[in-house]
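Asks: Structure provided below as structure tokens; questions to follow.
In the numbering used here, the protein residues as written are 38 to 165.
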């Protein structure tokens with residue numbers, strides 16, 4: 038399963054409607070593992086349970102750049118040829134991409150501020 042399906046704006050909104058969908062979830066379903074049992078009471082409860090089981094024993098960290106990582110982590114995640122993935126990036130619409138990058142990451146503040154103000158209420162999944 039692709040986690041993006043379950044964290045999409047549509048899935049979040051569907052989960053918010055779980056109170057209205059209560060009649061469909063009157064009979065509680067169970068998801069059992071050898072270590073835990075989860076009651077499935079809403080439309081995204083199953084994926085939440087799978088995510089919880091899948092993250093057991095895993096530590097997730099974020100870095101702004103490779104320089105913040107200690108040498109062991111850098112080897113395990115980036116430098117080890119057996120662990121890393123190299124993907125070729127192709128830009129099909131360079132002019133459009135350049136315009137967006139310049140607006141959002143350029144030195145001129147006004148276009149970025151306008152974009153944020155125009156689209157602030159359209160945000161579905163904000164990662165802060």
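Idealized CB from N, CA, C, for every residue including glycine.
For clarity, every value in this text was computed on a predicted model and none was experimentally measured.
First and last residue of the alpha helix (DSSP H) that includes residue 77?
Replies: What you label residue 77 is simply residue 40 of the chain shown in a count that begins at 1. No alpha helix (DSSP H) contains residue 77, which is instead part of the beta strand (DSSP E) from 74-77.
Asks: Report the start-end ranges of each beta strand (DSSP E) in the segment 46-125 that is 3 residues or longer and not cut off at the edges.
Replies: Taking only runs of at least 3 residues, the beta strand (DSSP E) segments lying wholly in the segment 46-125 are 66-69 and 74-77.
Asks: Nearest-angstrom Cα distance between residue 166 and residue 55?
Replies: Nothing can be reported for residue 166: it is not among the residues displayed for the chain, which extend from 38 to 165.
Asks: Hey, quick one: how far does the alpha helix (DSSP H) through residue 159 stretch, first residue to last?
Replies: Counting from one through the chain shown, the residue named residue 159 turns up at place 122. That residue, residue 159, is in no alpha helix (DSSP H); it is neither H nor E in DSSP.
Asks: With DSSP run on the structure shown, which of helix, strand or coil describes residue 41?
Replies: The residue labelled residue 41 in the question sits at position 4 within the chain shown. It is helical.
Asks: So the alpha helix (DSSP H) residue 132 belongs to, where does it begin and stop?
Replies: As a first step, residue 132 must be located in the chain shown, where it is residue number 95. Taken as a continuous stretch (DSSP letters only), the alpha helix (DSSP H) holding residue 132 covers 131-142.
Asks: Where residue 67 and residue 84 are concerned, what is the direct C-alpha to C-alpha distance, given to the nearest angstrom?
Replies: Translated into the one-based positions of the chain shown, residue 67 becomes position 30. Translated into the one-based positions of the chain shown, residue 84 becomes position 47. Those two C-alpha atoms are separated by around 13 Å.
Asks: Count the CB pairs spanning the segment 70-85 and the segment 111-130 that are closer than 8 Å, and state whether there are at least three.
Replies: Not touching, per the Cβ criterion.
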